[in-house]
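Worksheet: the structure to be examined is printed underneath.
Protein chains in written order, with the working numbering: chain F, 401 to 735; chain R, 5 to 135; chain E, 897 to 1191.
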């Protein structure tokens, strides 16, 4: 049975591997220079500390500092060191790091758009590898050939679904590894790890999405028995569920925390450190004496992996349900 | 070997058609005593008919004494059909005898009778060949 | 009842249609049955029930003494309508599939058969002709060494030469193995020469099932003058079909062995006549009201 599955789907597998190679070339080709630039700016060293600060000095607003920075030419990474009298060294280092990070991120603003395209990938997996699995068999009538040999339909379904899911997961692992390596500098300098694009395309959630889309495609194919309706159902179902989870459920995985930014020292201008990566759900403000403070309702960055795990679990559970449903439907199916 | 065929359009049952074809082959000398008929399977496949139909035909031929089934070996032709049947031969011999009697009564010697027979044979068969 | 394929009240209902309607029959072992009926009569549904592709709504179907589906499929060979195959597989790869999916699969036998009918083993099946594809499908089924072979309209999309070649190959496979064969078709003419039994299906119901010899012997055409209502006809067990013309009525009847009433002219019938009669009893109510005697 394993041979049969391999033989039937080897073209799809080879296509997937080829696509991975193309992706790999793209990621390595564009990622190498990006990582070099990231390292030359000293960011890997200074970012972990800089991210901890809740506020940073706004270097652009210090008296005596030069005006707004012009766009940096290629290869020139360190702007002239601005001075800020009265600020301690550590805070200054953080401030410079933040400025470097902003400059870096500014040069790679296209990356989130690429991310938009990558959001679609799991759905494509469902459409082109999931939906045809049962639907193509039924449309071509070959189910009347393969289900009347000496092997049970249950075994056929579990082997087929299981092997394809396994292969897709392996491919996804390679893809996810490449992607995460490629995109981390941008995410680190964006401070938006929780954002709707970045959250969805890196980390472990992509496994959940892919396996869900695959299962959705398989289920739709088994129930409708026709390829095009199955593919359409996969698109609609995938987008619908993803949006629902993303917009309505994600916020509630863990309770929010409240954070009050420290009273600001009015001797020099400070600003909130956006590089935290916290998910800011709501903001409020207040005054104490003559200094202002902010009260933020946030999901702190340390909740990030828990969120990823919960969302992945949701989609994996949905996928399991759909796969069981597809197996059951295939077994009971009338010719 | 002879080739078999069965016509669906014919009113004659399929097995009889096969029997007829064997008989014709025997008459024309294409099959001779000692020849082995093709197996039931070979005929069924060649003609695309039910093997039982072929079996029935062979059984009929066996019943007529034309063939004989030898277990483990096949079905063999045992009798020839070429030439006239014994009854025809008897009838012809009888009328020949009465003619010879008449010729004798008219005073012909055996050599004369033979000469008349030869020349008649010659002219009759010649006429047929050139006709 | 005993037989290779036995049905008792077999019924299959879909949402709006009844595909099989309380069918009861017993197909004898080692017979070659022509399953004949118009499109939509239920022939495919019947064969699909026997292979476990379709679950009956009511009634039972016994296949080689067991239930249809996984338990009996190893001894049942099946070629579905239009001989579906994996189009990008070569014939050899399809045979390999057969080996992998079946406990018993005679690979050398299958390869030899394909060689005999001149089918290249290394060509993808979508580059074979329709007739060749049908041969490959038949070969796959025969390689299981089945005791029951079911063929759903195997000749339908084949040209006359391919039809002949298919039947040849089928008879070759059958002669060796002593199996029961059921071939369905909506045309009788192709099947007459190979089948020794006939089953007529109409609107999901079995109209008749019998050996072809017996059917030909027991069915006659009767022609007689127009009758007043309900005359009795001795020797007739069932009036299958009836037609009224201006000066005569014509009946196709099944006899019961007694001497037929000599008032009627009687004629022999062909198998085609029998099938048509069971498919289309074109009679008005009053003609079917004719009673029969001596039943």
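Every residue, glycine too, gets a C-beta built ideally from N, C-alpha and C. Treat the numbers as computed from the prediction; the structure is a model and nothing was measured.
- [ ] Could you pull the start and end residues of the beta strand (DSSP E) that residue 1001/E belongs to?
- [x] First-last for residue 1001/E: undefined, no H or E at that position.
TODO: Tell me residue 582/F's beta-bridge partners as DSSP assigns them.
DONE: Paired residue(s): none; residue 582/F is not in a bridge.
Open item on the list: Excluding the 5 residues flanking residue 84/R on each side, which residues of the same chain have their C-beta closer than 6 angstroms to its C-beta?
Closed with: 37
Task: Segments of 3+ residues assigned as beta strand (DSSP E) that fall wholly inside the region 926-970 of chain E - done: 928-932, 954-959
Open item on the list: Mapping the DSSP letters down to three states, classify residue 455/F as helix, strand or coil.
Closed with: strand
Open item on the list: With distance defined between alpha-carbon atoms, name the residue in 526/F, 564/F, 687/F, 450/F nearest to residue 492/F.
Closed with: 450/F
Task: Nonlocal neighbours in the same chain, by C-beta distance under 6 angstroms from residue 1102/E, ignoring five residues either side - done: Sequence-distant Cβ neighbours of residue 1102/E in its own chain, meaning closer than 6 angstroms and more than five residues away, are 919, 921.
- [ ] Please confirm if residue 549/F has its CB atom under 9 angstroms from at least one CB of chain B.
- [x] The structure shown contains no chain B; its protein chains are F, R and E.
Open item on the list: For a minimum of 3 consecutive residues, which ranges assigned as the beta strand (DSSP E) are wholly contained in the region 48-119 of chain R?
Closed with: Counting only runs of 3+ residues, the beta strand (DSSP E) found wholly inside the region 48-119 of chain R occupies 71-74, 78-81, in chain order.
Task: Where residue 436/F falls, given that 16 or more other Cβ within 10 Å makes a residue buried - done: exposed
TODO: Could you please tell me which residues of the region 1026-1053 of chain E, in chain order, have their CB closer than 7 angstroms to any CB of chain F?
DONE: none
Open item on the list: Assuming contact is defined by CB atoms lying nearer than 9 angstroms, are residue 678/F and residue 659/F in contact in what I supplied?
Closed with: yes
- [ ] Please report the residue range of the beta strand (DSSP E) in which residue 1031/E lies.
- [x] Not the beta strand (DSSP E): residue 1031/E falls in the alpha helix (DSSP H), residues 1026-1038.
Open item on the list: Is it the case that the region 53-73 of chain R contacts the region 1082-1090 of chain E, given that we only count it when at least three CB pairs across the two stretches are under 8 angstroms?
Closed with: yes
TODO: Give the straight-line distance between the Cα atoms of residue 1084/E and residue 1108/E, rounded to the nearest whole angstrom.
DONE: 12 angstroms
- [ ] Taking only beta-carbon positions, decide if residue 18/R is within less than 9 angstroms of chain E.
- [x] yes
Task: Validate contact between the region 106-119 of chain R and the region 66-80 of chain R using beta carbons, cut 8 angstroms, 3 pairs - done: no
Task: Host alpha helix (DSSP H) of residue 1176/E (start-end) - done: Where residue 1176/E is concerned, there is no enclosing alpha helix (DSSP H), given that its DSSP letter is neither H nor E.
Task: Residue from 418/F, 505/F, 718/F with nearest C-alpha to residue 613/F - done: Sorting 418/F, 505/F, 718/F by C-alpha distance to the C-alpha of residue 613/F places 718/F at the top.
Open item on the list: Which residues in chain E have a C-beta closer than 8 angstroms to the C-beta of residue 50/R? List them in chain order.
Closed with: Ordered by position in chain E, the residues that pass the 8 angstroms Cβ test against residue 50/R are 1064.
Task: Closer than 9 angstroms to chain F by CB, residue 996/E - done: yes
- [ ] Using a Cβ-Cβ cut-off of 9 angstroms, state whether residue 921/E counts as contacting chain F.
- [x] Chain F has no Cβ within less than 9 angstroms of the Cβ of residue 921/E.
TODO: Output the boundary residues of the beta strand (DSSP E) element that contains residue 1093/E.
DONE: Under the DSSP assignment, residue 1093/E falls in the beta strand (DSSP E) whose first and last residues are 1093-1098.
- [ ] Please name the residue, chosen from 642/F, 632/F, 598/F, 617/F, that lies closest to residue 723/F on a Cα-to-Cα basis.
- [x] Ranked by Cα distance from residue 723/F, the options 642/F, 632/F, 598/F, 617/F are led by 617/F.
- [ ] Between the Cα of residue 533/F and those of 619/F, 652/F, 418/F, 446/F, spot the shortest distance and give me the residue it belongs to.
- [x] Minimum Cα distance to residue 533/F is reached at 619/F.
Open item on the list: In the DSSP assignment, the alpha helix (DSSP H) including residue 1128/E goes from what residue to what residue?
Closed with: For residue 1128/E, no alpha helix (DSSP H) run applies, since DSSP gives it neither H nor E.
Task: C-beta atoms of residue 976/E and residue 1048/E nearer than 9 angstroms - done: yes
Open item on the list: Under 9 angstroms, Cβ to Cβ, is there at least one residue of chain F near residue 976/E?
Closed with: Residue 976/E counts as touching chain F.
- [ ] Can you grab the Cα-Cα spacing for the pair residue 58/R / residue 994/E, in whole Å?
- [x] Their Cα atoms are separated by approximately 32 angstroms.
- [ ] State the DSSP-derived secondary structure class of residue 908/E, mapped to helix, strand or coil.
- [x] The answer is strand: DSSP assigns residue 908/E an E or B state.
TODO: Identify every residue that forms a DSSP beta bridge with residue 679/F.
DONE: In DSSP, residue 679/F forms a bridge with 699/F.
TODO: Would you list the one or two residues that DSSP bridges to residue 1117/E?
DONE: 1148/E, 1163/E
Task: Per DSSP, the bridge partner or partners of residue 1079/E - done: 930/E, 1047/E
Open item on the list: Can you tell me where the alpha helix (DSSP H) holding residue 493/F begins and where it ends?
Closed with: 489-507
Open item on the list: Closer than 8 angstroms is the cut-off here; do at least three beta carbon pairs connect the region 960-976 of chain E with the region 1030-1039 of chain E?
Closed with: Contact between the region 960-976 of chain E and the region 1030-1039 of chain E is established, with three or more Cβ pairs separated by less than 8 angstroms.
- [ ] Give the residues of chain R in contact with residue 880/E, contact being defined as C-beta atoms less than 9 angstroms apart.
- [x] Chain E is shown from 897 up to 1191; residue 880/E falls before or after that span and cannot be answered.
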